[in-house]
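J.: Below is one structure. I have some questions about it.
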Amino acid sequence: MSKRGSTDEFSPIVPGRGQGEFSPPRARVDARAATERARQADPCPPGVTPLAVVIVTYNSAAVLPQLLSSLQFGLVDVPDCNVIVVDNASSDDSVEIAARHQLQPRIIETGRNGGYAAGINAALATVGTESDVLLLNPDIRVSRSAISCLQHRLGPETGVVAPRILNEDGTLSLSVRREPSLMAAWAEAILGGTLSARLDIGEVVSGTRVYNRGGAVDWTTGAILMISGRARELVPQWDESFFLYSEEVDFMRRVRQAGLKIAYVPEATATHIGGDTRANPFLFALCATNRVVDFARHHGRAATVLFHLAVLVGEGIRCWRGPEHRAAFKALRTMSRTFPAFSEQRSQQCPS
Numbered sequence: 001m002s003k004r005g006s007t008d009e010f011s012p013i014v015p016g017r018g019q020g021e022f023s024p025p026r027a028r029v030d031a032r033a034a035t036e037r038a039r040q041a042d043p044c045p046p047g048v049t050p051l052a053v054v055i056v057t058y059n060s061a062a063v064l065p066q067l068l069s070s071l072q073f074g075l076v077d078v079p080d081c082n083v084i085v086v087d088n089a090s091s092d093d094s095v096e097i098a099a100r101h102q103l104q105p106r107i108i109e110t111g112r113n114g115g116y117a118a119g120i121n122a123a124l125a126t127v128g129t130e131s132d133v134l135l136l137n138p139d140i141r142v143s144r145s146a147i148s149c150l151q152h153r154l155g156p157e158t159g160v161v162a163p164r165i166l167n168e169d170g171t172l173s174l175s176v177r178r179e180p181s182l183m184a185a186w187a188e189a190i191l192g193g194t195l196s197a198r199l200d201i202g203e204v205v206s207g208t209r210v211y212n213r214g215g216a217v218d219w220t221t222g223a224i225l226m227i228s229g230r231a232r233e234l235v236p237q238w239d240e241s242f243f244l245y246s247e248e249v250d251f252m253r254r255v256r257q258a259g260l261k262i263a264y265v266p267e268a269t270a271t272h273i274g275g276d277t278r279a280n281p282f283l284f285a286l287c288a289t290n291r292v293v294d295f296a297r298h299h300g301r302a303a304t305v306l307f308h309l310a311v312l313v314g315e316g317i318r319c320w321r322g323p324e325h326r327a328a329f330k331a332l333r334t335m336s337r338t339f340p341a342f343s344e345q346r347s348q349q350c351p352s
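Position 162 (the sequence shown) corresponds to 162 in my numbering; numbering is contiguous.
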């Protein structure tokens, strides 16, 4: 679900699904040609560890059929795999579409919309840690051999891998991120998301090296993530206190803290159809406030106040651009009036 409309606007990060995700200028690289060259240089053999594919849906009927159909081709070289669709109380035909599909996924109906992390946890509770797990947004399309390639790149030192993500028009999505910091927050607030990305001082990593060669990163947007069984043993749960947005930032940070790497794998590709979070001011505001909550849990009060101020200033400067920025600004102002000691609550709120 990609978002942010104007090219220089401040861009809260969207965890995992793409919505709320920063949309910097289209990268000037031939993503498909680069991917093909990488594949020829380093073909990926099929994985041998059991794999569970987890898709969390909420009113996803418009996009789910295309994902399931792409999986029919994407899983042909994965010998031991099962597909799980977790539905968070959709009011559309998401469950019926999954049930009728030729893949015959196992369906878990949670009966409530507890958020993305809650949906993931519901699926993981049914999958043993001997299995690797592939998390997919319902608006992802996987390419042939991408899944086996990702699974092959997991290893004793690598707990999470993410592919090269293409936008629907075939251009490269800048999906690699840095750990949230005061410098990045203020750069995005003052300069805007696009310029800070071009200068490589924001959270978005825009340098071509990692997108062409891959390697270890801090985190990536969570529309498609492959997680090893070992990482699941060390970090068994996603943090459900993040209803939506920032849960993947938190999860990948905990994986790194457990001693495993997060890797970007350009040889594997997926297409992200995406959406636009700006159409929903509430979700846009939730994305902005969750950035502050996540930062606060890992930093002292003074640093948190400065980070919160940066996000508040960024949204305040852009209030004229639309109701989504005004909603975010209002929500952030409310946080400042009732500023909780988030760092002190971390032990109660974060899963072990």
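Glycine residues also receive a C-beta, built at the ideal position from the N, C-alpha and C atoms.
#1: Which residues mark the beginning and the end of the beta strand (DSSP E) in which H272 is found?
#2: Which residue or residues does DSSP assign as beta-bridge partners of C81?
#3: For L174, which three-state DSSP category applies?
#4: Write down the C-beta distance between S148 and V85 rounded to the nearest angstrom, noting that I regard them as a contact closer than 8 angstroms.
#5: Hey, G228 and L154 are a contact pair by Cβ (cut 8 angstroms); roughly how many whole angstroms apart?
#6: Could you tell me the alpha carbon to alpha carbon distance between I108 and N121, rounded to whole angstroms?
#7: Once the 5 residues before and after A268 are set aside, which same chain residues still bring their CB inside 6 angstroms of it?
#8: Taking only the alpha-carbon atoms, compute the straight-line gap between L286 and V292 and give it to the nearest angstrom.
#9: Could you say which of R144, E188, M183, L182 lies nearest to E315 if we only look at CA atoms?
#10: Going by DSSP, name the residue or residues bridged to T158.
#11: Measuring alpha carbon to alpha carbon, tell me which of S90, E247, P180 ends up nearest P138.
#12: So for A118, helix, strand or coil by DSSP?
#13: Which partner residues does L87 have in the DSSP bridge list?
#14: Beta-carbon within less than 6 angstroms of R230's beta-carbon, same chain only, minus the 5 sequence neighbours each way: which residues are those?
#15: Within 10 angstroms of the Cβ of R213, are there 16 or more other Cβ atoms? Answer buried if so, exposed if not.
#16: Spatial neighbours of R254 within its chain, please: CB distance less than 7 angstroms, with the 5 preceding and 5 following residues excluded, ordered by chain position.
#17: I'd like to check one pair, N113 with D92: are the Cβ atoms closer than 9 angstroms?
#18: Using a Cβ-Cβ cut-off of 8 angstroms (strictly less than) and excluding sequence neighbours within five positions of K330, which residues of its own chain qualify?
#19: Closer than 6 angstroms by C-beta to E168: which residues in its own chain qualify, once you throw out the five before and the five after it? Chain order, please.
#20: Looking only at its chain, what residues have a beta carbon closer than 7 angstroms to the beta carbon of A216, apart from the 5 residues adjacent to it on each side?
#21: First and last residue of the beta strand (DSSP E) that includes S227?
#22: Between the Cα of Y116 and those of G128, W320, N88, spot the shortest distance and give me the residue it belongs to.
#23: Determine the closest residue to R337 out of L312, N280, F251, I190, with distance taken between C-alpha atoms.
#24: With DSSP collapsed to three states, give me the class of E9.
#25: Under the rule that 16 or more other beta-carbon atoms within 10 Å means buried, what is A41, buried or exposed?
#26: Considering only DSSP beta bridges, list what G215 is partnered with.
T.: The answer reads as follows:
#1: Looking at the DSSP string, the run of the beta strand (DSSP E) that includes H272 is 261-272.
#2: Residue pairing by DSSP places C81 opposite L51 in a beta bridge.
#3: In this structure, DSSP gives L174 a state outside helix and strand, which the three-state scheme calls coil.
#4: No, S148 and V85 are not in contact; Cβ-Cβ is about 21 angstroms, not under 8 angstroms.
#5: The residue asked about is misnamed: residue 228 is Ser in this sequence, not Gly. In this structure, S228 and L154 form a Cβ contact; the two beta carbons are roughly 4 angstroms apart against a cut-off of 8 angstroms.
#6: Their Cα atoms are separated by approximately 11 angstroms.
#7: Answer for A268: A146, C149, L150, P163, listed in chain order.
#8: Taking the straight line from one Cα to the other gives about 10 angstroms.
#9: Answer by Cα proximity: E188.
#10: For T158, which the question treats as bridged, DSSP gives the partners K261.
#11: Each of S90, E247, P180 was checked against the Cα of P138, and the nearest Cα belongs to S90.
#12: Helix at A118.
#13: Note that residue 87 is Asp in the sequence shown, not Leu. As computed with DSSP, D87 is found in a beta bridge with T57, E109.
#14: Same-chain partners within the cutoff: there are none.
#15: Here R213 is exposed: its Cβ has fewer than 16 other Cβ atoms, across all protein chains shown, within 10 Å.
#16: Closer than 7 angstroms at Cβ, skipping near neighbours: V235.
#17: Cβ distance not < 9 angstroms, so D92 and N113 don't count as in contact.
#18: Take K330, set aside five residues on each side of it, and the residues of its chain with a beta-carbon closer than 8 angstroms to its own are A285, in chain order.
#19: Excluding five sequence positions before and after E168, the CB atoms of its chain that fall closer than 6 angstroms to its own CB belong to I273, given in chain order.
#20: Contacts found: K261, I262, A263.
#21: Note that residue 227 corresponds to Ile in the displayed sequence, not to Ser. Its beta strand (DSSP E) spans residues 224-227.
#22: It is N88 whose Cα lies nearest to the Cα of Y116.
#23: It is L312.
#24: Low confidence applies here, because E9 scores a pLDDT of 33, under 50, leaving its location unreliable; read the following figure in that light. E9: coil per DSSP, three-state reduction.
#25: Confidence is the limiting factor: at A41 the pLDDT is only 43, short of 50, which leaves the residue's position unreliable, though a coordinate-based value still follows. Exposure of A41 is indicated by the presence of fewer than 16 other C-beta atoms within 10 angstroms of its C-beta.
#26: Y264.
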